[in-house]
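Asks: Shown below is the structure under consideration.
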Amino acid sequence: RKEVEQDPGPFNVPEGATVAFNCTYSNSASQSFFWYRQDCRKEPKLLMSVYSSGNEDGRFTAQLNRASQYISLLIRDSKLSDSATYLCVAYSGNTGKLIFGQGTTLQVKP
Amino acid sequence: GAVVSQHPSRVICKSGTSVKIECRSLDFQATTMFWYRQFPKQSLMLMATSNEGSKATYEQGVEKDKFLINHASLTLSTLTVTSAHPEDSSFYICSARGTGTQPQHFGDGTRLSIL
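Each protein sequence line maps, in turn, to chains X and U.
Numbered according to this note's numbering, the first sequence spans residues 1 to 110.
Numbered according to this note's numbering, the second sequence spans residues 111 to 225.
Right, here's the structure in full:
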């Protein structure tokens, strides 16, 4: 079983739609979580950190449920420029390692 | 913000060639550097972790004699793919981190194609 699992998609949505991505992790010792965005053939870029209390950054909302070992990302009012692959990432402070999920591909259509 | 430069960005070479990829932290001292590999439609897989001045720690299944890592200074780490074969074709990405709990900063990646 992969340590961080995501539905690879693709998710095809119209502009303006709200879309949600889910992620589960298996290592309960993971301490921090992040969503990264990766455009085709580019390096991943940090989108936002994820906190148990939930956090919002503009149109993006991230949520962590430690009991269920579940992480989510909600994108409201999708833009064409949101088309990318979204990577769910777990960080272990003990090892200093980032563990990446496979990524979920989002395609926003006009 | 912190910048990590990776070079070259693209390499195409014949089977059997050894390829060196450089990863530089431009405006901070990187005590730890990480090397990842990403095959198409797959996640980034950590290959190895290197701390300045010491031997790299390789993940399970990664051949240390095949993927030579050198982290001789606080701003430079190199990954050498020795005697590369077509199955080594992939996207290689480095990241660098300063001290303590500072975040990792990623390089632009190197797309390696072995013919």
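Heads up, the beta-carbon is just placed ideally off N, CA and C, and yes, glycines get one too.
Are the C-beta atoms of G101 of chain X and some chain U residue less than 9 Å apart?
Replies: Your numbering for residue 101 of chain X matches position 101 in the first sequence. Yes, G101 of chain X lies at the interface with chain U (some Cβ there is under 9 Å from its Cβ).
Asks: What is the rounded straight-line gap between the Cα of G9 of chain X and the Cα of V108 of chain X?
Replies: Locating residue 9 of chain X in the first sequence gives position 9, counting from the first residue. Locating residue 108 of chain X in the first sequence gives position 108, counting from the first residue. Straight-line Cα distance between these residues: approximately 13 Å.
Asks: Can you check which of these residues, X:Q31, X:Y25, X:V19, is closest to Q6 of chain X by C-alpha distance?
Replies: Here residue 6 of chain X refers to the residue found at position 6 of the first sequence. Out of X:Q31, X:Y25, X:V19, X:Y25 has the C-alpha closest to the C-alpha of Q6 of chain X.
Asks: Report yes if the C-beta of D7 of chain X is less than 8 Å from at least one heavy atom of the ligand SAH; otherwise report no.
Replies: For the ligand SAH, the structure offers nothing, since it holds no ligand at all.
Asks: If contact means a Cβ-Cβ distance below 9 Å, which residues of the stretch 132 to 159 of chain U contact chain X?
Replies: Listed by position along the chain: T142, F144, Y146, Q148, K151, Q152, S153, L154, M155, L156, T159.
Asks: Kindly indicate if chain X contains any beta-carbon less than 9 Å away from that of F201 of chain U.
Replies: Position 91 of the second sequence, counted from the start, is the residue given in the question as residue 201 of chain U. True, the Cβ-Cβ gap to chain X drops below 9 Å.
Asks: Counting only Cβ pairs nearer than 8 Å, list the residues of chain X close to Q214 of chain U.
Replies: What you label residue 214 of chain U is simply residue 104 of the second sequence in a count that begins at 1. Simply L98.
Asks: Counting only C-beta atoms, is V50 of chain X closer than 9 Å to chain U at any point?
Replies: Taking the first sequence and counting its residues from 1, one reaches residue 50 of chain X at position 50. Cβ-Cβ to chain U under 9 Å: no for V50 of chain X.
Asks: Do F33 of chain X and Y86 of chain X have their C-beta atoms within less than 9 Å of each other?
Replies: Against the first sequence, residue 33 of chain X aligns to sequence position 33. Against the first sequence, residue 86 of chain X aligns to sequence position 86. No, these two residues do not count as a Cβ contact at 9 Å.
Asks: In the structure shown, what three-state DSSP assignment does E56 of chain X receive?
Replies: Walking along the first sequence from the start, residue 56 of chain X turns up at place 56. DSSP places E56 of chain X in strand when its eight states are reduced to three.
Asks: On a CA-only basis, which of U:T141, U:K176, U:E162, U:Q214 is nearest V129 of chain U? Give me that one, please.
Replies: Here residue 129 of chain U refers to the residue found at position 19 of the second sequence. The shortest C-alpha separation from V129 of chain U is found at U:K176.
Asks: Would you kindly check if the distance between the Cβ of F149 of chain U and the Cβ of S200 of chain U is under 9 Å?
Replies: Looking up residue 200 of chain U in the second sequence gives position 90. Looking up residue 149 of chain U in the second sequence gives position 39. In this structure, F149 of chain U lies closer than 9 Å to S200 of chain U by Cβ.
Asks: Please report the straight-line C-alpha distance between I122 of chain U and A194 of chain U, rounded to a whole angstrom.
Replies: For the purposes of this step, residue 122 of chain U is taken as residue 12 along the second sequence, with counting starting at 1. For the purposes of this step, residue 194 of chain U is taken as residue 84 along the second sequence, with counting starting at 1. One C-alpha to the other measures close to 11 Å.
Asks: DSSP three-state call for P196 of chain U: helix, strand or coil?
Replies: As a first step, residue 196 of chain U is located in the second sequence; it is residue number 86 there, counting from the start. Of the three classes helix, strand and coil, the one that applies to P196 of chain U here is helix, per DSSP.
Asks: Using the DSSP secondary-structure output, state which residues sit across from P44 of chain X in a beta bridge.
Replies: For this step, residue 44 of chain X is matched to residue 44 along the first sequence. Note: P44 of chain X sits in no beta bridge, so no partner.
Asks: With C-beta atoms as the reference, is F21 of chain X less than 9 Å away from S72 of chain X?
Replies: Here residue 21 of chain X refers to the residue found at position 21 of the first sequence. Here residue 72 of chain X refers to the residue found at position 72 of the first sequence. Yes, they are a contact pair.
Asks: By DSSP, does L225 of chain U sit in helix, in strand, or in coil?
Replies: Here residue 225 of chain U refers to the residue found at position 115 of the second sequence. L225 of chain U falls in the coil class under three-state DSSP.
Asks: Name, please, each residue of chain B whose Cβ falls closer than 7 Å to the Cβ of R59 of chain X.
Replies: No chain B appears in the structure shown, which is made up of the protein chains X and U.
Asks: Is any beta-carbon of chain X found at less than 9 Å from that of Q170 of chain U?
Replies: Against the second sequence, residue 170 of chain U aligns to sequence position 60. Answer no: the Cβ-Cβ gap between Q170 of chain U and chain X never drops below 9 Å.
Asks: Do we get a CB-CB distance below 9 Å when we pair R41 of chain X with the residues of chain U?
Replies: Within the first sequence, residue 41 of chain X is the residue found at index 41, counting from 1. Cβ-Cβ to chain U under 9 Å: yes for R41 of chain X.
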